[in-house]
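Novice:
Number of protein chains: 2
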Amino acid sequence: MNGAESLLTTLVNNGVDVCFANPGTSEMHFVAALDEVKGMRCVLGLFEGVLSGAADGYARMARKPAATLLHLGPGLGNALANVHNAKKGHVPVINIVGEHATYHVKYDAPLTADIEAIAAAVSHWVRTAASPEDIARHTADAVRAAGVGRVATLILPADVSWGDNANGAEGAVSRAPPRRVSQESLREVVAKLSSGSRCMLMIGGREVDLQRGRLLSRIGKVCGARVSTDTFPTRQARGAGSAVLERLPYLAELAIDHIKDLDYLVLIGAARPVSFFAYPGVTSCIAPPDCEEILLATPDDDIDQLLADLVNQLGAEDIEPEVHPLVLPELPTGDLDVAKIGQAVAHYLPEHAVVVDEANTCGLPPFSATHTARPHDWLDLTGGSIGWGLPAAVGAAVACADRKVVCLEGDGSAMYTIQALWTMARENLDVVVVIFGNRKYNILELEFSRTGARGGTPGPKAASTLDIGGPDLGFAVLARGMGVQAHRADSAEGFNRLFAEAMRKKGPYLIEAIVPPLFSGA
Amino acid sequence: MNGAESLLTTLVNNGVDVCFANPGTSEMHFVAALDEVKGMRCVLGLFEGVLSGAADGYARMARKPAATLLHLGPGLGNALANVHNAKKGHVPVINIVGEHATYHVKYDAPLTADIEAIAAAVSHWVRTAASPEDIARHTADAVRAAGVGRVATLILPADVSWGDNANGAEGAVSRAPPRRVSQESLREVVAKLSSGSRCMLMIGGREVDLQRGRLLSRIGKVCGARVSTDTFPTRQARGAGSAVLERLPYLAELAIDHIKDLDYLVLIGAARPVSFFAYPGVTSCIAPPDCEEILLATPDDDIDQLLADLVNQLGAEDIEPEVHPLVLPELPTGDLDVAKIGQAVAHYLPEHAVVVDEANTCGLPPFSATHTARPHDWLDLTGGSIGWGLPAAVGAAVACADRKVVCLEGDGSAMYTIQALWTMARENLDVVVVIFGNRKYNILELEFSRTGARGGTPGPKAASTLDIGGPDLGFAVLARGMGVQAHRADSAEGFNRLFAEAMRKKGPYLIEAIVPPLFSGA
Chain A
1 MNGAESLLTT LVNNGVDVCF ANPGTSEMHF VAALDEVKGM RCVLGLFEGV
51 LSGAADGYAR MARKPAATLL HLGPGLGNAL ANVHNAKKGH VPVINIVGEH
101 ATYHVKYDAP LTADIEAIAA AVSHWVRTAA SPEDIARHTA DAVRAAGVGR
151 VATLILPADV SWGDNANGAE GAVSRAPPRR VSQESLREVV AKLSSGSRCM
201 LMIGGREVDL QRGRLLSRIG KVCGARVSTD TFPTRQARGA GSAVLERLPY
251 LAELAIDHIK DLDYLVLIGA ARPVSFFAYP GVTSCIAPPD CEEILLATPD
301 DDIDQLLADL VNQLGAEDIE PEVHPLVLPE LPTGDLDVAK IGQAVAHYLP
351 EHAVVVDEAN TCGLPPFSAT HTARPHDWLD LTGGSIGWGL PAAVGAAVAC
401 ADRKVVCLEG DGSAMYTIQA LWTMARENLD VVVVIFGNRK YNILELEFSR
451 TGARGGTPGP KAASTLDIGG PDLGFAVLAR GMGVQAHRAD SAEGFNRLFA
501 EAMRKKGPYL IEAIVPPLFS GA
Chain B
1001 MNGAESLLTT LVNNGVDVCF ANPGTSEMHF VAALDEVKGM RCVLGLFEGV
1051 LSGAADGYAR MARKPAATLL HLGPGLGNAL ANVHNAKKGH VPVINIVGEH
1101 ATYHVKYDAP LTADIEAIAA AVSHWVRTAA SPEDIARHTA DAVRAAGVGR
1151 VATLILPADV SWGDNANGAE GAVSRAPPRR VSQESLREVV AKLSSGSRCM
1201 LMIGGREVDL QRGRLLSRIG KVCGARVSTD TFPTRQARGA GSAVLERLPY
1251 LAELAIDHIK DLDYLVLIGA ARPVSFFAYP GVTSCIAPPD CEEILLATPD
1301 DDIDQLLADL VNQLGAEDIE PEVHPLVLPE LPTGDLDVAK IGQAVAHYLP
1351 EHAVVVDEAN TCGLPPFSAT HTARPHDWLD LTGGSIGWGL PAAVGAAVAC
1401 ADRKVVCLEG DGSAMYTIQA LWTMARENLD VVVVIFGNRK YNILELEFSR
1451 TGARGGTPGP KAASTLDIGG PDLGFAVLAR GMGVQAHRAD SAEGFNRLFA
1501 EAMRKKGPYL IEAIVPPLFS GA
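Protein sequences, first through last, are from chains A and B.
Our numbering puts the last residue of the first sequence at 522; the count rises by one with no breaks.
Our numbering puts the last residue of the second sequence at 1522; the count rises by one with no breaks.
#1: DSSP on A/I294, reduced to helix/strand/coil?
#2: For a contact meaning CB atoms closer than 8 angstroms, what does B/T1465 contact in chain A?
#3: Using the three-state DSSP reduction, which class does A/H84 fall into: helix, strand or coil?
#4: Is the shortest distance between the beta-carbon of A/D114 and the beta-carbons of chain B less than 7 angstroms?
#5: Would you list, in chain order, the members of the stretch 268-284 of chain A that have their beta-carbon closer than 9 angstroms to a beta-carbon of chain B?
#6: Taking only beta-carbon atoms, is B/F1499 less than 7 angstroms away from chain A?
#7: In chain E, what lies closer than 9 angstroms to B/N1078 by C-beta?
#8: Which residue wins for smallest C-alpha separation from A/V406, given the options A/L510, A/E320, A/A420, A/G437?
#9: Taking its Cβ as the centre, do 16 or more other Cβ atoms sit within 10 Å of A/L254, making it buried, or is it exposed?
#10: According to a CB-to-CB cut-off of less than 9 angstroms, which residues of the stretch 1471-1488 of chain B neighbour chain A?
#11: Please identify, using Cβ separations under 8 angstroms, the residues of the stretch 1132-1165 of chain B that lie next to chain A, in order along the chain.
#12: Taking the alpha carbon of B/A1513 as the point to measure from, which residue in B/S1161, B/C1285, B/R1488 has its own alpha carbon closest?
#13: Which residues mark the beginning and the end of the alpha helix (DSSP H) in which A/Q343 is found?
#14: B/L1429 and B/P1350 - do their beta-carbons sit closer together than 7 angstroms?
#15: I want to know whether the stretch 305-313 of chain A touches the stretch 323-338 of chain A - three or more CB-CB distances under 8 angstroms.
#16: Note down, in chain order, each residue of its chain lying with its Cβ closer than 8 angstroms to the Cβ of B/A1369, except the 5 sequence neighbours on either side.
#17: Indicate the three-state DSSP secondary structure (helix, strand or coil) for A/G98 in the structure shown.
#18: Whether or not the stretch 1473-1480 of chain B and the stretch 1289-1302 of chain B are in contact is what I'm after, with contact meaning three or more pairs of Cβ atoms, one per stretch, closer than 8 angstroms; do they touch?
#19: Can you name, in chain order, every residue of its own chain whose Cβ lies under 7 angstroms from the Cβ of A/E533, other than the five neighbours on each side?
#20: Would you say B/F1519 faces chain A, with C-beta separation under 7 angstroms as the test?
#21: Under DSSP, the alpha helix (DSSP H) around A/V355 begins and ends at which residues?
#22: Using the beta-carbon count (16 or more within 10 Å), is B/P1177 buried or exposed?
#23: List the residues of chain B that A/F448 touches, going by C-beta distances under 8 angstroms, in chain order.
#24: Locate the beta strand (DSSP E) running through B/D1301, then write down its first and last residues.
#25: Counting along the chain, where does the alpha helix (DSSP H) carrying B/W1422 start and finish?
#26: For B/F1020, report the span of its alpha helix (DSSP H) as first-last.
#27: Which of the three DSSP states, helix, strand or coil, is assigned to B/H1487?
#28: I'd like the span of the alpha helix (DSSP H) that includes A/S52, first residue to last.
#29: Comparing alpha-carbon positions, which option in B/D1261, B/A1158, B/L1331, B/D1141 lies nearest B/R1150?
#30: How long is the line joining the alpha carbons of B/A1120 and A/A399, rounded to whole angstroms?
#31: Using a C-beta to C-beta distance shorter than 9 angstroms, which residues of chain B count as neighbours of A/Q419?
#32: Hey, does A/H84 have any beta-carbon neighbour from chain B nearer than 7 angstroms?
#33: Enumerate, from N- to C-terminal direction, the unbroken alpha helix (DSSP H) stretches of 4 or more residues contained entirely within the stretch 1182-1219 of chain B.
#34: If you count every other CB in all the chains shown that lies within 10 Å of the CB of A/W260, and 16 or more means buried, which is it?
#35: Quick check: the stretch 1410-1425 of chain B against the stretch 1388-1397 of chain B, are at least 3 beta-carbon pairs closer than 8 angstroms?
#36: Below 7 angstroms on C-beta distance, what does A/V394 contact in chain B?
Here is the structure:
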């Protein structure tokens, strides 16, 4: 057994059975091992940012990590932005990064780079394997390190991969159960929640599933606390039957106003809320200065147990959660805009759909419209690095072959990793992509005004930098160039018809929706 | 004057007057300053890898750096692969990377990352500006650090950008002249060259211009030494009138054989030749063990002076260099293949064209065919990280508005940074892209066999990983989706007609050439 086979076998033994790959010369023995080791599905991408985003989307839906296979430092660099997003979303990923043979690194060949340094910036765990004998152990350590919410990067020199003196493979690693939040912490929080103070319970971490949302709702109801998710939940169960939860606004100005009256903010898997960016004259911290922020649980803690304990201690066992009813909006008519797309999506969205949202300014209306749609899961961009949506949709579809994936995608963001469409076609993934074609970096027009630069109004050169309408991008054309069926919609009726058709069919389908920008930059 | 204006003014004062940009919120004051500071051309790209590759191509042709404007750590990550290529090619680049406001970093907002760590892996110089007062000095230092062949990365926190207490701008920085190679080193080499030993003079560094090539040829002729470039020169003057120089083969097996008889290898701006990758049983070093490798000059040394000194000391003043005649091949006919594309390109290539070569397996026949074409410059991939060609063509065309740029591009490589086509259309750049559509990672099929994995023959899963033909990529369609005129050629006659038309017209034009793979993987 060579090193690559030992590595692959150890991964498969641990349930890591999907690898999003774009190999180069130094990974050829790994590629060869795909035919020697049973049980690893290899999904090819034409650009590494597709792979890392797919690994993120996959892990969110499969609740276990995929592997990526990346070619040396530049391959990891190409993957970096979406590895960053996974890291910020507490999503597990195991990156396998090929490296020159151990004895070859010192010659500084053209592709030599400091892989460990690049990896460290976006990984919780980084290790370079030194010999085939140890590769099974290193792989098992990587699986352990990735756990359920971390990024582990294992650097695999070519001679470790091809060396045939590996010590077999390792079996399934054991994992410590998540930490239970202490009864003392619980009692303190229960006292505050019961004190009549203005409290908000904010849930975050890697998943707000149906059960967690409902428990949170019951807790809020019994003690009069507000209940909310953080701004961009990694994964959230939504639609009919899901709990009614607030969501912290993205815009710092709105978020600050939204929670300005709080005495206590109890964080359950959520981080302390801060402004996404700094703006002149706007505070970084969202909660008011006299609000006490209580970090009750990290994403790694046992949040299910914590919520059950809170229900128990607060006597909320018989309280009914407040849940969304099933209410489907009417189909829209007339000129197309983002709100109408939200209505149509909410109208047709099938049960158990997975919505991947990277529509930026265009995401909010569909989010609001789908509160009472059929039950579905919603994935958000967690690290702010655009070019995530299409790849994440690839990964979600690989994880959930029997669920419809709907990717709501801004035109600017789509272009970062447009190659993902090809993988959707190659794997015949059941993904429907809606491109919001407003021909702008519209969120940046909004941000420009928020920063107050040049009095909030861009001059001609700045405005040009935020405008992607010259030349017009033809997304339906681009999609067809990568083998994906695609059509353009410029009326509500046209969108309804295309989206309905897309929901009926299986396989990748792209709708380019021509919409006016939500925010007027001039 | 705010920090952004101070920075921009200092860049412009130093002749850095092109910025390849893709901004985000933290760069909005930089964007605003584009309208306040005269003289900076801002070129928008839809993905950061386009920007860094464009900065590389620009600097090779303009012989001075461009700036890039990148959004935080993920933006730098997206740019990383082509920054790596520039670094390996000794090409100057000044990266401006936006960062959160200094006081905001500690809050670990979603887009926070260790920018310095990422930058350090691909930069010679990295600095984070701490206050607007110092930004002019930092910018001048970055210009000095970039010099004529280095990567400088200046990290610009948002509050340094918007702070209005900058100390004006700095003027043109002074630069030390390149180091002159010592007379003692020269004498030693002259003695060896005159000894009747088997010598090769290998030139590399950032440019093999017409004059350098001819001087080298005269030196070789007078002392009977072989003269060669390294494998992938950053920039080389070629075609009729250029010196006849060997080129070190890419394949280690061939390269080792190519110079197996040498006693001395004299390196002039070139690095010690090593195998691109490690292969089982193949040595990393290309030169034979008993060959003495003499590093006579680094890329930073005064290579022009060195060559003049050698001519002088060896008494080659009256020797004529061996140069290529002007011989244009006949136009090909019949089924299209890579060799025929080489003939047609050589036939039509106009004087002063710039050829950007990222055709990988398909690049060699056109390279050979154009030895005797009209005079042109040839740019090669220097760092091995694919996705460089289309962006580099953007940069070369921005630098040389009056020269035709021809980009020879592999289909696999093209897809890494396909967004570059949009910038070509937006800026109406005079670039003709030839896509070699063989539907394979054909070089990896070759590399698979060279590594000897699985006896050199990929199994079905491995073979699938090297095959990008399912679904077929429609490059002409993709180009049209980004506003670039494009056509497909599948016969020699068809290719001739399209390429001739492309040479006559101005503006971006893509030809998708359907060709059989050069290397048969099965």
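The C-beta atom is built at its ideal place from N, Cα and C for all residues, glycine as well.
Just so it is clear, the structure is predicted and the values come from calculations on it, not from any experiment.
Specialist: Short version:
#1: The answer is strand: DSSP assigns A/I294 an E or B state.
#2: A21, P23, V31, L34, C42, L44
#3: helix
#4: yes
#5: The residues in question are A271, R272, V274, S275, F276, F277, A278, Y279, P280, S284.
#6: Nearest CB-CB separation between B/F1499 and chain A: not below the 7 angstroms threshold.
#7: Any reference to chain E falls outside this structure, whose protein chains are A and B.
#8: A/L510
#9: exposed
#10: Result list: P1471, D1472, L1473, G1474, F1475, A1476, V1477, L1478, A1479, R1480, G1481, M1482, G1483, V1484.
#11: Hits within the stretch, in order: A1158, D1159, W1162.
#12: B/R1488
#13: Run containing A/Q343: 338-348, per the alpha helix (DSSP H) assignment.
#14: no
#15: no
#16: P1329, A1339, G1342, Q1343, V1345, A1346
#17: Note: A/G98 maps to strand in three-state DSSP.
#18: no
#19: What the structure shows of chain A is the stretch from 1 to 522, and residue 533 of chain A is not part of that stretch, so it cannot be assessed.
#20: Nearest CB-CB separation between B/F1519 and chain A: not below the 7 angstroms threshold.
#21: No alpha helix (DSSP H) holds A/V355; the beta strand (DSSP E) holding it covers 353-358.
#22: Its Cβ having fewer than 16 others within 10 Å, B/P1177 is exposed.
#23: Neighbours of A/F448 on chain B, chain order: M1028, V1031, A1032.
#24: No beta strand (DSSP E) holds B/D1301; DSSP gives it neither H nor E.
#25: 1420-1426
#26: Run containing B/F1020: none in the alpha helix (DSSP H); it sits in the beta strand (DSSP E), 1018-1021.
#27: strand
#28: 48-62
#29: B/D1141
#30: 36 angstroms
#31: M1415, Y1416, I1418
#32: yes
#33: 1183-1193
#34: The question names Trp, but residue 260 of chain A is Lys in the sequence shown. Answer is exposed; the Cβ neighbour count stays below 16.
#35: yes
#36: Simply none; closest approach about 14 angstroms.
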